[in-house]
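Per our numbering, the sequence shown starts with residue 192, numbered consecutively. Note that CB positions come from ideal geometry on N, CA and C, so glycine has one too. Some notes on the structure that comes next.
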Amino acid sequence: MLGIVQGLTEFLPVSSSAHLRIVGALMLDGQDVGATFTAITQIGTELAVLIYFRHTIAQVVRRWIATLPEVRAGGRWNNPLRLADADARMGWLIIVGSLPIVVLGVLFQDAIEGALRDLRFTVFTLAFFALLLWAADRWGRQLKTLKALDGRDGVAFGFAQAMALIPGVSRSGGTITAGLAMGYTREAAARYSFLLAVPAVLGSGLYQLAKAIGGHSDGGIVVSGGATLLATVAAFVVGFVVIIAFLKIVSSRGYLPFVIYRLVLAAVIGILLMNGVLSPTA
192 MLGIVQGLTE FLPVSSSAHL RIVGALMLDG QDVGATFTAI TQIGTELAVL IYFRHTIAQV
252 VRRWIATLPE VRAGGRWNNP LRLADADARM GWLIIVGSLP IVVLGVLFQD AIEGALRDLR
312 FTVFTLAFFA LLLWAADRWG RQLKTLKALD GRDGVAFGFA QAMALIPGVS RSGGTITAGL
372 AMGYTREAAA RYSFLLAVPA VLGSGLYQLA KAIGGHSDGG IVVSGGATLL ATVAAFVVGF
432 VVIIAFLKIV SSRGYLPFVI YRLVLAAVIG ILLMNGVLSP TA
(Lines of atoms letter the chains of each structure in order from A and count residues from 1; the text may use other names and numbers.)
(Lines give C-alpha, C1' and ligand atoms only; values in the text may rest on other atoms or scores of the structure.)
Protein backbone atom coordinates (compact mmCIF):
# COMPACT_ATOMS: atom_id res chain seq x y z
CA MET A 1 0.00 0.00 0.00
CA LEU A 2 2.77 2.46 0.86
CA GLY A 3 4.56 1.59 -2.39
CA ILE A 4 1.41 2.35 -4.36
CA VAL A 5 1.03 5.66 -2.51
CA GLN A 6 4.65 6.51 -3.36
CA GLY A 7 4.12 5.68 -7.03
CA LEU A 8 0.89 7.68 -7.23
CA THR A 9 2.25 10.83 -5.59
CA GLU A 10 5.97 11.10 -6.43
CA PHE A 11 5.47 12.90 -9.73
CA LEU A 12 2.34 14.83 -8.84
CA PRO A 13 2.79 18.22 -7.13
CA VAL A 14 1.17 16.93 -3.93
CA SER A 15 4.21 15.71 -1.92
CA SER A 16 4.87 11.98 -1.80
CA SER A 17 6.78 12.30 1.49
CA ALA A 18 3.76 13.93 3.13
CA HIS A 19 1.48 11.16 1.87
CA LEU A 20 3.79 8.43 3.13
CA ARG A 21 4.04 10.24 6.47
CA ILE A 22 0.24 10.49 6.75
CA VAL A 23 -0.79 7.09 5.34
CA GLY A 24 1.99 5.41 7.27
CA ALA A 25 0.76 6.97 10.51
CA LEU A 26 -2.81 5.79 9.83
CA MET A 27 -1.66 2.26 9.01
CA LEU A 28 0.98 1.92 11.72
CA ASP A 29 -0.87 3.17 14.82
CA GLY A 30 0.54 6.67 14.54
CA GLN A 31 4.14 5.60 13.99
CA ASP A 32 6.29 7.38 11.39
CA VAL A 33 7.51 5.10 8.60
CA GLY A 34 10.62 7.29 8.49
CA ALA A 35 12.77 9.13 5.95
CA THR A 36 14.83 6.02 5.18
CA PHE A 37 11.87 3.97 3.92
CA THR A 38 10.63 6.98 1.96
CA ALA A 39 13.99 7.54 0.24
CA ILE A 40 14.49 3.87 -0.64
CA THR A 41 11.05 3.49 -2.22
CA GLN A 42 11.78 6.58 -4.31
CA ILE A 43 14.43 4.52 -6.10
CA GLY A 44 11.54 2.64 -7.71
CA THR A 45 9.90 5.80 -9.04
CA GLU A 46 13.20 7.15 -10.36
CA LEU A 47 13.79 3.91 -12.25
CA ALA A 48 10.46 4.63 -13.93
CA VAL A 49 11.82 8.06 -14.94
CA LEU A 50 14.98 6.49 -16.35
CA ILE A 51 12.96 4.12 -18.51
CA TYR A 52 10.32 6.62 -19.65
CA PHE A 53 12.86 9.33 -20.52
CA ARG A 54 15.59 6.90 -21.65
CA HIS A 55 15.96 8.48 -25.10
CA THR A 56 16.16 12.02 -23.71
CA ILE A 57 18.61 10.99 -20.97
CA ALA A 58 20.79 9.06 -23.43
CA GLN A 59 20.91 12.07 -25.76
CA VAL A 60 21.83 14.43 -22.92
CA VAL A 61 24.61 12.11 -21.71
CA ARG A 62 26.00 11.66 -25.25
CA ARG A 63 26.07 15.38 -25.96
CA TRP A 64 27.47 16.17 -22.51
CA ILE A 65 30.40 13.81 -23.11
CA ALA A 66 30.91 15.03 -26.68
CA THR A 67 31.24 18.67 -25.60
CA LEU A 68 33.70 18.08 -22.75
CA PRO A 69 36.63 19.09 -25.00
CA GLU A 70 34.79 22.35 -25.76
CA VAL A 71 34.53 23.13 -22.05
CA ARG A 72 38.29 22.67 -21.69
CA ALA A 73 39.52 24.33 -24.89
CA GLY A 74 42.44 26.62 -25.68
CA GLY A 75 44.15 25.80 -22.39
CA ARG A 76 41.38 27.31 -20.28
CA TRP A 77 37.98 26.40 -18.84
CA ASN A 78 34.93 27.76 -20.64
CA ASN A 79 31.58 28.25 -18.91
CA PRO A 80 29.66 25.00 -19.61
CA LEU A 81 26.34 26.70 -18.79
CA ARG A 82 26.75 28.82 -21.93
CA LEU A 83 27.19 25.96 -24.37
CA ALA A 84 25.25 26.40 -27.60
CA ASP A 85 24.27 22.71 -27.56
CA ALA A 86 21.00 22.62 -25.54
CA ASP A 87 21.33 18.92 -24.61
CA ALA A 88 24.91 19.28 -23.38
CA ARG A 89 23.97 22.42 -21.47
CA MET A 90 21.10 20.55 -19.81
CA GLY A 91 23.54 17.90 -18.60
CA TRP A 92 25.61 20.56 -16.84
CA LEU A 93 22.49 22.27 -15.52
CA ILE A 94 21.25 19.03 -13.97
CA ILE A 95 24.61 18.68 -12.20
CA VAL A 96 24.57 22.28 -10.96
CA GLY A 97 20.88 22.11 -10.06
CA SER A 98 21.47 19.01 -7.94
CA LEU A 99 24.03 20.72 -5.68
CA PRO A 100 21.57 22.71 -3.48
CA ILE A 101 19.60 19.65 -2.38
CA VAL A 102 22.82 17.73 -1.63
CA VAL A 103 24.33 20.54 0.45
CA LEU A 104 21.13 21.44 2.29
CA GLY A 105 20.27 17.77 2.80
CA VAL A 106 23.57 17.21 4.60
CA LEU A 107 23.43 20.44 6.62
CA PHE A 108 19.86 19.93 7.84
CA GLN A 109 19.70 16.13 7.95
CA ASP A 110 18.66 15.95 11.60
CA ALA A 111 15.79 18.42 11.13
CA ILE A 112 14.66 16.71 7.92
CA GLU A 113 14.51 13.33 9.62
CA GLY A 114 13.02 14.75 12.82
CA ALA A 115 11.33 18.09 13.56
CA LEU A 116 10.24 18.88 10.00
CA ARG A 117 8.19 15.66 9.87
CA ASP A 118 5.74 17.17 12.39
CA LEU A 119 2.30 16.89 10.77
CA ARG A 120 1.31 20.38 11.92
CA PHE A 121 4.13 21.75 9.77
CA THR A 122 3.03 19.47 6.92
CA VAL A 123 -0.45 21.05 7.02
CA PHE A 124 1.12 24.48 6.59
CA THR A 125 3.45 23.49 3.73
CA LEU A 126 0.67 21.67 1.84
CA ALA A 127 -1.57 24.74 1.93
CA PHE A 128 1.06 27.44 1.46
CA PHE A 129 2.78 25.82 -1.51
CA ALA A 130 -0.61 25.01 -3.05
CA LEU A 131 -1.26 28.75 -3.21
CA LEU A 132 2.18 29.39 -4.71
CA LEU A 133 1.54 26.74 -7.39
CA TRP A 134 -1.86 28.30 -8.18
CA ALA A 135 -0.35 31.78 -8.50
CA ALA A 136 2.49 30.58 -10.75
CA ASP A 137 0.10 28.59 -12.95
CA ARG A 138 -2.35 31.50 -13.12
CA TRP A 139 0.06 34.33 -13.90
CA GLY A 140 3.15 32.61 -15.36
CA ARG A 141 3.85 33.58 -18.98
CA GLN A 142 4.38 29.94 -20.05
CA LEU A 143 6.43 30.79 -23.13
CA LYS A 144 9.82 29.15 -22.55
CA THR A 145 10.79 25.64 -23.63
CA LEU A 146 13.69 23.66 -22.17
CA LYS A 147 15.95 24.94 -24.96
CA ALA A 148 15.80 28.33 -23.22
CA LEU A 149 17.14 26.91 -19.94
CA ASP A 150 20.20 28.84 -18.74
CA GLY A 151 22.46 28.87 -15.70
CA ARG A 152 20.39 31.30 -13.65
CA ASP A 153 17.19 29.35 -14.17
CA GLY A 154 18.98 26.04 -13.57
CA VAL A 155 20.20 27.20 -10.15
CA ALA A 156 16.72 28.53 -9.31
CA PHE A 157 15.23 25.14 -10.23
CA GLY A 158 17.83 23.50 -7.98
CA PHE A 159 16.94 25.56 -4.91
CA ALA A 160 13.23 24.98 -5.60
CA GLN A 161 13.88 21.23 -5.66
CA ALA A 162 15.77 21.48 -2.37
CA MET A 163 12.61 22.78 -0.69
CA ALA A 164 11.19 19.27 -1.16
CA LEU A 165 13.40 18.12 1.70
CA ILE A 166 10.48 19.40 3.80
CA PRO A 167 7.48 17.01 3.78
CA GLY A 168 4.48 18.73 2.25
CA VAL A 169 6.38 20.91 -0.24
CA SER A 170 6.68 18.32 -3.08
CA ARG A 171 9.76 17.90 -5.24
CA SER A 172 7.83 18.20 -8.49
CA GLY A 173 5.58 20.87 -7.01
CA GLY A 174 8.52 23.06 -5.98
CA THR A 175 10.37 22.78 -9.29
CA ILE A 176 7.21 23.13 -11.38
CA THR A 177 6.14 26.22 -9.42
CA ALA A 178 9.57 27.75 -9.97
CA GLY A 179 9.45 26.87 -13.67
CA LEU A 180 6.03 28.42 -14.18
CA ALA A 181 7.08 31.54 -12.27
CA MET A 182 10.13 31.87 -14.57
CA GLY A 183 7.94 31.65 -17.66
CA TYR A 184 8.34 28.01 -18.72
CA THR A 185 5.46 26.05 -20.21
CA ARG A 186 3.63 23.56 -18.01
CA GLU A 187 5.04 20.55 -19.83
CA ALA A 188 8.60 21.94 -19.92
CA ALA A 189 8.53 22.61 -16.16
CA ALA A 190 7.18 19.11 -15.48
CA ARG A 191 9.71 17.37 -17.74
CA TYR A 192 12.66 19.20 -16.23
CA SER A 193 11.44 18.46 -12.70
CA PHE A 194 11.55 14.74 -13.57
CA LEU A 195 15.04 14.91 -15.06
CA LEU A 196 16.47 17.10 -12.30
CA ALA A 197 15.21 14.70 -9.64
CA VAL A 198 17.09 11.66 -10.99
CA PRO A 199 20.58 12.22 -9.45
CA ALA A 200 19.23 13.67 -6.19
CA VAL A 201 16.61 11.00 -5.55
CA LEU A 202 18.77 8.06 -6.61
CA GLY A 203 21.66 9.43 -4.55
CA SER A 204 19.45 9.89 -1.49
CA GLY A 205 17.85 6.48 -1.89
CA LEU A 206 21.14 4.64 -2.28
CA TYR A 207 22.63 6.54 0.67
CA GLN A 208 19.70 5.65 2.91
CA LEU A 209 19.83 2.06 1.65
CA ALA A 210 23.50 1.83 2.62
CA LYS A 211 22.69 3.27 6.06
CA ALA A 212 19.87 0.76 6.55
CA ILE A 213 22.11 -2.14 5.56
CA GLY A 214 24.68 -0.84 8.05
CA GLY A 215 22.08 -0.90 10.82
CA HIS A 216 21.62 2.87 11.20
CA SER A 217 18.11 4.07 12.07
CA ASP A 218 16.46 7.42 11.35
CA GLY A 219 13.98 7.02 14.19
CA GLY A 220 11.20 5.68 11.99
CA ILE A 221 9.59 2.29 12.33
CA VAL A 222 11.82 -0.62 11.30
CA VAL A 223 10.61 -2.10 7.99
CA SER A 224 11.92 -5.46 6.78
CA GLY A 225 14.03 -5.66 3.65
CA GLY A 226 11.46 -7.81 1.85
CA ALA A 227 8.62 -5.39 2.56
CA THR A 228 10.73 -2.42 1.47
CA LEU A 229 11.63 -4.19 -1.78
CA LEU A 230 7.97 -4.97 -2.44
CA ALA A 231 7.06 -1.33 -1.84
CA THR A 232 9.84 -0.17 -4.18
CA VAL A 233 8.64 -2.48 -6.99
CA ALA A 234 5.05 -1.28 -6.52
CA ALA A 235 6.24 2.34 -6.64
CA PHE A 236 8.06 1.65 -9.92
CA VAL A 237 5.06 0.08 -11.66
CA VAL A 238 2.53 2.68 -10.51
CA GLY A 239 4.96 5.56 -11.03
CA PHE A 240 5.55 4.65 -14.68
CA VAL A 241 1.81 4.83 -15.40
CA VAL A 242 1.48 8.12 -13.50
CA ILE A 243 4.22 9.79 -15.59
CA ILE A 244 2.29 9.11 -18.79
CA ALA A 245 -1.03 10.32 -17.38
CA PHE A 246 0.43 13.37 -15.61
CA LEU A 247 2.13 14.83 -18.70
CA LYS A 248 -1.13 14.49 -20.64
CA ILE A 249 -3.17 16.15 -17.88
CA VAL A 250 -0.96 19.19 -17.31
CA SER A 251 -0.57 19.92 -21.01
CA SER A 252 -4.33 20.43 -21.34
CA ARG A 253 -5.84 21.07 -17.91
CA GLY A 254 -3.23 22.87 -15.83
CA TYR A 255 -2.49 22.46 -12.13
CA LEU A 256 -5.70 23.72 -10.50
CA PRO A 257 -6.94 20.19 -9.60
CA PHE A 258 -3.72 19.57 -7.66
CA VAL A 259 -4.00 22.94 -5.91
CA ILE A 260 -7.51 22.07 -4.75
CA TYR A 261 -6.41 18.59 -3.68
CA ARG A 262 -3.54 19.98 -1.58
CA LEU A 263 -5.84 22.44 0.19
CA VAL A 264 -8.44 19.75 0.91
CA LEU A 265 -5.76 17.36 2.17
CA ALA A 266 -4.32 20.04 4.45
CA ALA A 267 -7.79 20.67 5.88
CA VAL A 268 -8.45 16.95 6.42
CA ILE A 269 -5.11 16.44 8.21
CA GLY A 270 -5.79 19.49 10.36
CA ILE A 271 -9.18 18.09 11.39
CA LEU A 272 -7.68 14.66 12.14
CA LEU A 273 -4.98 16.30 14.29
CA MET A 274 -7.48 18.42 16.21
CA ASN A 275 -9.63 15.35 16.92
CA GLY A 276 -6.69 13.24 18.06
CA VAL A 277 -6.98 10.70 15.24
CA LEU A 278 -3.45 11.58 14.17
CA SER A 279 -0.53 12.53 16.38
CA PRO A 280 1.64 15.39 15.07
CA THR A 281 4.81 13.48 15.88
CA ALA A 282 5.59 9.78 15.84
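Review point. Is DSSP giving Tyr375 helix, strand or coil here?
Key: strand
Review point. Is it the case that the CB of Ser384 approaches a heavy atom of the ligand COA more closely than 7 Å?
Key: Ligands are entirely absent from the displayed structure, and the ligand COA is therefore not among its contents.
**Study point:** Cβ-based neighbour list, Gly331, same chain, cut-off 7 Å, excluding 5 preceding and 5 following
**Key:** Leu371, Ala372 and Gly374
Exercise for review: Measure from the alpha carbon of Gly445 to the alpha carbon of each residue in Ala379, Ser207 and Ala239, then state which is nearest.
Suggested key: Ala379
Exercise for review: Please name the residue, chosen from Val424, Pro471, Thr376 and Leu298, that lies closest to Ser442 on a Cα-to-Cα basis.
Suggested key: Thr376
Review point. Should Ser206 and Thr229 be called a contact, given that it needs their Cβ atoms to be closer than 8 Å?
Key: No; because the gap between Cβ atoms is not below 8 Å, this pair is not in contact.
Review point. With burial defined as no fewer than 16 other Cβ atoms inside 10 Å of the residue's Cβ, what is the status of Arg362: buried or exposed?
Key: buried
Check your understanding: Comparing alpha-carbon positions, which option in Ile256, Phe437, Ile434 and Ala347 lies nearest Ile292?
Key -> Ala347
Exercise for review: Give the range of the alpha helix (DSSP H) segment to which Arg212 is assigned.
Suggested key: Its alpha helix (DSSP H) spans residues Ser207 to Met218.
Check your understanding: Straight-line CA distance for Val450 to Trp325?
Key -> 6 Å
Check your understanding: What distance in whole Å lies between the Cβ atoms of Ala422 and Thr227, which are believed to be in contact at a cut-off of 8 Å?
Key -> In fact, because the Cβ distance is near 12 Å, the residues do not count as touching under 8 Å.
Point to revise | Arg311, DSSP secondary structure in three states | key: Annotated three-state conformation of Arg311 is helix, per DSSP.
**Study point:** CA-to-CA distance, Ala457 to Gly194, given in whole angstroms
**Key:** 22 Å
**Study point:** Short Cβ contact (8 Å threshold) for Arg280 with Leu290
**Key:** no
Point to revise | Beta-ladder partner(s) of Arg263, from DSSP | key: Paired residue(s): Trp268.
Practice item. Rounded to whole angstroms, what's the CA-CA distance from Leu310 to Tyr452? Just pull it up for me. Key: 17 Å
Check your understanding: Which residues in the same chain have their Cβ closer than 6 Å to the Cβ of Arg254, if we skip the five residues on either side of it in sequence?
Key -> Excluding positions up to five away in sequence, the list reads Asp276, Asp278 and Ala279.
Exercise for review: Confirm, please, whether the CB-CB distance from Ile213 to Ile460 is below 8 Å.
Suggested key: For the 8 Å CB-CB criterion, Ile460 and Ile213 form a contact.
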